[in-house]
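Numbering (this note's numbering), first residue to last: 241 to 310. The beta-carbon is built from N, C-alpha and C at its ideal position, and this holds for glycine as well. Given the structure is predicted, the values throughout are model-derived calculations rather than measurements. Take a look at the structure set out below.
Here it is in structure tokens:
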């Protein structure tokens with residue numbers, strides 16, 4: 241899936257975090273984007289399907305990538 245599609249799913253699921261609240265967003269790997277909000281907070285949104293997605297903080301994402309506990 242292209243990253244623009246991932247962002248569109250993010251905006252649909254989390255309209256309060258999207259739109260004018262987003263400063264920038266970046267590709268973050270397969271089916272994943274990093275979203276930087278205008279207030280400086282950053283999140284990772286990963287979308288594989290309507291029943292398989294995650295919205296998490298940077299620290300949570302890094303912890304899970306290293307095999308750590310949430």
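Remark: C-beta atoms of residue 285 and residue 250 approach each other more closely than 7 Å.
Apart from the 5 residues on each side of it in sequence, residue 265 sits with its Cβ closer than 6 Å to the Cβ of 247, 273 and 275 in its chain, given in chain order. The beta-bridge partner set that DSSP reports for residue 275 consists of 265 and 283. Per DSSP, reduced to three states, the secondary structure at residue 299 is helical. Excluding five sequence positions before and after residue 268, the CB atoms of its chain that fall closer than 7 Å to its own CB belong to 274 and 284, given in chain order. Taking every protein chain shown into account, the CB of residue 271 has 16 or more other CB atoms within 10 angstroms, so this residue is buried.
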